[in-house]
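According to my numbering, the sequence shown is numbered sequentially starting from -16.
One structure is given below, encoded as structure tokens.
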Amino acid sequence: MVKYFLGANTGNGFYSLFDELYFPSYEGRLFVIKGGPGTGKSSVMKTVAAEAEKRGYSVERIYCSSDPDSLDGVIIPEIKTSIADGTPPHIIEPKYPGAVEQIFNLGDCWDTGYLQKNAQGIKEKSFECSSYHSRAVRFLKAYSSLLNDSKRLVKDCVESEKLNDYAKRLCVREFGNATGQGTVRRRFLSAVTPKGITCFEETVDTLCQRVICIEDEYGVVSNSLLCFLGKAAVRSGLDVIVCPCVSDPKRKIDHLIIPSKGLCFFTGNNSHFLNSEASKTVSAKRFLNTAQVKKHSARLSFNSRASAELLDEAVLSVARAKAIHDELEKYYIEAMDFDLVKEKTHSLIKEIFD
């Protein structure tokens, strides 16, 4: 099964890749689901995903980082169709309303009078949930700051020439001398969730027959190597999936997937590790001046311990936010006509597939 996140909690707040739901040139269709918590958005998407697979289509399932058992989106590449939760924090504003994006409104299925009578409780739970998410962001900001401090120290210890030579040899071996223009898609393979850092290793198992694991405690060598490999693969005409790091999604890559090659370059460390055996393992230490790294050992050790504690606190905050969100859902579940939701879902399936 192919599973990703398109949004993640980071030190800078919620980081969204939801613009990646669209296909090049905005071809195809995007159904944007509107509705409150507990109104059946995830269930609708699970039903659509199951129907797509029943009809022989491949499916990408996009999960919610605040609740990794719940869907945020479904992508069906063969028919250029996506369906996604369009409520905060991943608000989707239609660019071509009706022509590309269509609204699927579950607000048609609730009892407005019941929700209005319980407005105070809904407001209180919503505010409390947001407060815990804000708390998580503060911890993640401190967590990312310590990780970035370690990266800066280790970056000065990298033997760049040795790493570049290895990267060039690896490119020739894996991509040959072909030229072309591939495409880049971005997906989070892991995210900070109420369960800790959740990594969808099953996606790698589904798409890739080979995994080259780069064991890198600090993520410095792996990031340089993956950036180099990603650009080289695209220049070779290969389509790649870039998986950003949740601690620094704008500047750091954790994993690189090349589906047509059945190949994944995977960064292995305390945040995400392979349960299955890799085809090949590369140690980042071979590209580091270990004597220089040792000079920073006390600071690196402190950063490692302190960042782990900060991450634990962030996870606890996200878990508390989910527990409150579950309480908030009860109001909407009570207000919903789920038979009507089923009817709307059936109509949506006919519109997508028939």
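Virtual Cβ for every residue (Gly too), placed ideally from N, Cα, C.
Going by beta carbon distance, what residues of the same chain come within less than 6 Å of residue i, once the five residues before and after it are set aside?
i	result
Tyr314	Asn101, Ile105
Val31	Val57, Ile66
Phe183	Lys(-14), Leu172
Ala304	Cys112, Tyr115, His116
His73	Gly(-10), Ser(-1), Phe1
Ile195	Phe248, Lys263
Asp91	none
Starting from residue i and walking both ways along the beta strand (DSSP E), at which residues does that stretch end?
i	result
Asn88	84 to 88
Thr250	246 to 251
Pop quiz: residue i and residue j are said to be a contact at Cβ under 8 Å. What is the actual Cβ separation, rounded to whole angstroms?
i	j	result
Asp199	Thr250	6 Å
Phe349	Ile75	Coverage of the chain is limited to positions -16 through 337, which leaves residue 349 absent and any answer about it impossible.
Ile62	Tyr40	7 Å
Asp55	Gly(-10)	7 Å
Gly69	Val15	4 Å
Val167	Val223	6 Å
Asn286	Asp132	6 Å
Asn(-8)	Ser48	6 Å
Determine, for residue i, whether the minimum Cβ-Cβ distance to residues of chain B falls below 9 Å.
i	result
Pro51	Within the model displayed, chain B is absent; a lone protein chain is all it includes.
Could you give the first and the last residue of the continuous alpha helix (DSSP H) run that contains residue i?
i	result
Tyr126	102 to 138
Ile149	Contrary to the premise, residue 149 reads as Tyr rather than Ile in this sequence. Start and end: 143 to 158.
Kindly list the residues whose CB is nearer than 7 Å to the CB of residue i, restricted to its own chain and excluding five residues on each side of it in sequence; keep chain order.
i	result
Glu185	Met(-16), Lys(-14)
Ser259	Asp188
Asp94	Ala318
Can you give me the Cβ contacts of residue i inside the same chain, cut-off strictly under 8 Å, excluding the 5 residues immediately before and after it?
i	result
Phe270	Val141, Glu142, Lys145, Leu146, Tyr149, Val204
Arg38	Phe336
Could you tell me whether the segment 216 to 231 touches the segment 168 to 184, where touching means 3 or more Cβ pairs closer than 8 Å? yes
Length-filtered (4 minimum) alpha helix (DSSP H) runs lying within the segment 269 to 327: 273 to 278, 280 to 318
Tell me whether the segment 298 to 317 and the segment 9 to 28 touch, counting them as touching only if at least three CB pairs, one residue from each stretch, are closer than 8 Å. yes
Check whether the segment 138 to 148 and the segment 182 to 195 touch, using three or more Cβ-Cβ pairs below 8 Å as the test. no
Meets three-Cβ-pair contact criterion under 8 Å: the segment 114 to 124 and the segment 290 to 303: yes
Please give me, in chain order, every unbroken run of the alpha helix (DSSP H) with length at least 4 that falls completely inside the segment 10 to 67. 24 to 37
So does the segment 200 to 212 actually touch the segment 234 to 254, counting three or more Cβ pairs closer than 8 Å? yes
Entirely enclosed beta strand (DSSP E) segments - the segment 173 to 239, minimum 3 residues: 173 to 176, 179 to 182, 193 to 198, 223 to 227
Do the segment 209 to 219 and the segment 85 to 93 touch if we need at least three Cβ pairs shorter than 8 Å? no
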